[in-house]
Amino acid sequence: MKILVGVKRVVDYAVKVRVAGGTVELNNVKQSMNPFCEIAVEEAVRLKENKHADEVVAVSIGPKQCTETLRTALAMGCDRGIHVMTDMRTDYMQLQPFAVAHIFQKLVEKEQSDLILVGKQGIDSDCGHTGPFLAGLLNAPQVTFAAKLQVNDKGLLVERETDSGTETIQVKQFPAVVTCDLRLNEPRYATLPNIMKAKKKPVETIKAEDLGVDLTPLVEVVEVMEPPPRKEGIIVGSVDELIDKLRNEAKVLK
Amino acid sequence: MFENYSRAIDSDESIDTILCSVTVSDYSIVGTTSGMMNPLVRDLYKRVIHVGRDYPTGLPHVRKVWKDSMRNRANCPACYTDPASSQCQEELFHAVNRGRFMVKEMIGVIKLKKYRAMKQRYDRTDETLEEAMDRVERLGHQQQSL
Chain Y
23 MKILVGVKRV VDYAVKVRVA GGTVELNNVK QSMNPFCEIA VEEAVRLKEN KHADEVVAVS
83 IGPKQCTETL RTALAMGCDR GIHVMTDMRT DYMQLQPFAV AHIFQKLVEK EQSDLILVGK
143 QGIDSDCGHT GPFLAGLLNA PQVTFAAKLQ VNDKGLLVER ETDSGTETIQ VKQFPAVVTC
203 DLRLNEPRYA TLPNIMKAKK KPVETIKAED LGVDLTPLVE VVEVMEPPPR KEGIIVGSVD
263 ELIDKLRNEA KVLK
Chain A
84 MFENYSRAID SDESIDTILC SVTVSDYSIV GTTSGMMNPL VRDLYKRVIH VGRDYPTGLP
144 HVRKVWKDSM RNRANCPACY TDPASSQCQE ELFHAVNRGR FMVKEMIGVI KLKKYRAMKQ
204 RYDRTDETLE EAMDRVERLG HQQQSL
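Same order as they appear, the protein sequences are chains Y and A.
In my numbering, each number is its position in the first sequence, counted from 1, plus 22.
In my numbering, each number is its position in the second sequence, counted from 1, plus 83.
Quick look at the structure:
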């Protein structure tokens with residue numbers, strides 16, 4: 023079984039995002055692999071270690087710094103990397119999930135992958151669209167929010183975690199698309215010796231325009247703004263004053 | 084002489100298992116006076132910096148704490164008194180092993196922080212009714228202030 027893993031380079035989860043010039047500021051901001059993509063890479067590597075998969079290929083779309091993200095994916099255990107080079111912003115402002123799904127469709131046809139593992143959503147765009155779009159384009163079965171993945175003789179047994187409960191789904195037909203949720207596994211950290219070893223693994227660079235895909239955004243982002251700042255609290259002198267304020271100003275007591 | 088160093092540096096294994104067969108004469112450990120650093124120590128510091136970039140307290144703090152503790156004379160007193168001895172070797176290996184263990188602990192802290200942040204932001208399955216109502220009410224207050 024050949025696995026294709028989607029890896030997205032996003033603003034690091036611990037960074038406080040600022041708005042500058044009408045969009046999110048990306049200059050001098052720490053960027054790293056999307057946490058849900060790390061979970062997808064870890065699952066693919068575990069399938070390879072358990073001998074259910076032969077090859078794991080990591081794909082990343084973005085500027086030339088995406089090769090660092092790909093190196094992290096290779097250090098976690100992927101065999102090869104594909105870097106789709108584009109200067110468009112990949113955080114929903116310019117390159118949007120529909121175009122990304124078309125790019126992935128072309129790569130799946132080129133690589134003849136059986137299983138496509140992607141993260142549930144990107145922490146910058148929070149769309150969760152790429153997996154389902156890709157499944158629709160490939161006419162392939164999809165399981166989103168996968169919390170447990172098992173290989174059995176009929177195919178793939180996947181447990182799906184939704185707000186209303188857990189569903190168990192048997193995937194019988196390949197290629198299939200699986201979107202990884204938080205509780206699927208605990209991703210390994212790519213230590214320095216592994217990153218050094220990963221420098222020898224091949225990374226192929228393709229230009230996004232060369233794939234013959236329409237990259238124009240379907241949705242126009244009109245405005246980007248920061249959430250309103252939290253209002254300051256006031257210090258009250260006594261319990262009576264507190265009750266008085268709660269009754270008259272905040273109107274939460276009768 | 085250096086192939087054992089590169090094997091110890093390239094892998095995550097404990098140094099003792101790799102280097103136990105090598106004798107003292109294979110190494111030329113120079114003391115601190117001439118300013119040369121043992122390759123294992125340099126490799127450990129590189130690992131610390133790589134992990135420190137993701138560490139919650141930030142890289143400057145990590146660098147300061149690790150430099151202070153690596154320069155601590157108590158880690159390998161033989162380096163200062165008798166650099167070429169086998170006792171200095173042993174003490175250095177013990178110190179670097181302990182350093183690598185601490186790097187693993189730092190990785191554990193990073194993983195835990197990341198999991199907790201993701202769970203708090205994206206996972207609502209364990210939310211109680213009271214927490215859900217608080218969240219909706221806070222959203223309502225935000226909407227009002229807008």
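In this text, a Cβ means the ideal position worked out from N, Cα and C, and glycines have one as well.
Using the three-state DSSP reduction, which class does residue i fall into: helix, strand or coil?
i	result
A:Val107	Interpretation of A:Val107 is limited by its pLDDT of 46, a score under 50 that renders its predicted location unreliable; no figure is taken from the coordinates.
A:Cys159	coil
Y:Thr190	strand
A:His133	helix
Y:Phe196	coil
Y:Gln87	coil
Y:Ile138	strand
A:Ser89	helix
Y:Lys223	coil
Y:Cys59	helix
Y:Lys253	coil
A:Val113	Model confidence at A:Val113 stands at a pLDDT of 38, short of 50, so the residue's coordinates are unreliable; what they give is reported in the following sentence. If DSSP states are grouped into helix, strand and coil, A:Val113 belongs with coil.
Y:Ser82	strand
Y:Asn49	coil
Y:Gln143	coil
Y:His105	strand
Y:Leu240	coil
Y:Asn72	coil
A:Ser97	coil
Y:Thr9	Lying before the first or after the last residue shown, residue 9 of chain Y is absent from chain Y, which here runs from 23 to 276.
Y:Leu159	helix
A:Val219	helix
Y:Val27	strand
Along chain Y, in chain order, which residues have C-beta atoms closer than 8 Å to that of residue i?
i	result
A:Ser94	Pro215
A:Thr208	Glu183 and Asp185
A:Lys150	What A:Lys150 touches in chain Y: nothing, since even the nearest Cβ is about 18 Å away.
Taking residue i as the reference, give the member of the options with the closest Cα.
i	options	result
Y:Leu156	Y:Thr201, Y:Thr190 and Y:Leu171	Y:Thr201
Y:Leu233	Y:Arg93, Y:Ser135, Y:Thr108 and Y:Lys24	Y:Thr108
Y:Leu137	Y:Pro85, Y:Gln195 and Y:Asp185	Y:Gln195
Y:Arg31	Y:Lys73, Y:Ser82, Y:Val37 and Y:Gln143	Y:Ser82
A:Arg183	A:Met120, A:Trp149, A:His224 and A:Leu142	A:Trp149
Y:Met247	Y:Ala198, Y:Gly44, Y:Gly28 and Y:Met23	Y:Gly44
Y:Ser147	Y:His105, Y:Val27, Y:Ile257 and Y:Val39	Y:Val39
Y:Asp113	Y:Val241, Y:Pro251, Y:Arg252 and Y:Pro249	Y:Val241
Y:Asp12	Y:Leu96, Y:Gly144 and Y:Glu77	Given a span of 23 to 276 for chain Y in the structure shown, any question on residue 12 of chain Y remains unanswerable.
Y:Ile228	Y:Cys59, Y:Lys128 and Y:Ala169	Y:Lys128
Y:Pro209	Y:Pro197, Y:Ile25, Y:Val46 and Y:Gly99	Y:Gly99
A:Met119	A:Ser89, A:His177 and A:Pro166	A:Pro166
Y:Glu77	Y:Ser135, Y:Glu181 and Y:Glu64	Y:Ser135
Y:Lys176	Y:Val122, Y:Lys170 and Y:Val193	Y:Val193
Y:Arg102	Y:Arg182, Y:Gly28, Y:Ala80 and Y:Glu231	Y:Ala80
Y:Asn174	Y:Ala62, Y:Ala75, Y:Val274 and Y:Ala36	Y:Ala75
Using a Cβ cut-off of 8 Å, pull out every chain A residue sitting near residue i, in sequence order please.
i	result
Y:Pro57	Lys197 and Met201
Y:Glu231	Residues of chain A passing the Cβ test: none, with the nearest at roughly 33 Å.
Y:Tyr114	Those within 8 Å of Y:Tyr114 in chain A number zero; the least Cβ separation is about 17 Å.
Y:Glu64	Residues of chain A passing the Cβ test: none, with the nearest at roughly 11 Å.
Y:Met218	Asp93
Note down, in chain order, every chain Y residue with its Cβ under 7 Å from the Cβ of residue i.
i	result
A:Lys129	Leu214
A:Lys147	None at all; the shortest Cβ gap to chain Y is about 20 Å.
A:Ile190	Tyr211
A:His144	Under the 7 Å cutoff, chain Y gives no residues; its nearest Cβ is about 14 Å from A:His144.
A:His177	Neighbours of A:His177 on chain Y: none; closest Cβ ~20 Å, over 7 Å.
Could you list which residues in chain Y have their beta carbon closer than 9 Å to that of residue i, in chain order?
i	result
A:Ile193	Tyr211
A:Tyr88	Per Cβ cutoff of 9 Å: no residues; A:Tyr88 is ~13 Å from chain Y at best.
What in chain A is Cβ-close to residue i, meaning under 7 Å?
i	result
Y:Ile204	Per the sequence shown, residue 204 of chain Y should be read as Leu rather than Ile. Those within 7 Å of Y:Leu204 in chain A are Met201, Lys202, Tyr205 and Asp206.
**Report entry** Sufficient close CB pairs (3 or more, under 8 Å) joining the stretch 61–69 of chain Y to the stretch 209–223 of chain A
**Finding:** Under the Cβ criterion (8 Å, minimum of three pairs), the stretch 61–69 of chain Y does not count as touching the stretch 209–223 of chain A.
Query raised in the report: How about the stretch 183–190 of chain Y and the stretch 148–163 of chain Y: do they share at least three Cβ pairs that are nearer than 8 Å?
Result: Verdict: no, contact absent.
**Report entry** the stretch 213–222 of chain Y contacting the stretch 130–145 of chain A, beta-carbon criterion three pairs below 8 Å
**Finding:** Output reads yes: the stretch 130–145 of chain A touches the stretch 213–222 of chain Y.
Query raised in the report: So, do the stretch 137–154 of chain A and the stretch 182–199 of chain A have three or more beta carbon pairs nearer to each other than 8 Å?
Result: Touching, yes, given that three or more Cβ pairs across the two stretches are closer than 8 Å.
Query raised in the report: Are three or more beta carbon pairs between the stretch 91–98 of chain Y and the stretch 42–59 of chain Y nearer than 8 Å?
Result: Contact between the stretch 91–98 of chain Y and the stretch 42–59 of chain Y is present, because at least three Cβ pairs lie under 8 Å.
Report task. Return the residues of the stretch 242–269 of chain Y that lie within a Cβ-Cβ distance of less than 8 Å from chain A, sorted by chain order. Result -> Within the stretch 242–269 of chain Y, the qualifying residues are Pro249, Pro250 and Lys253.
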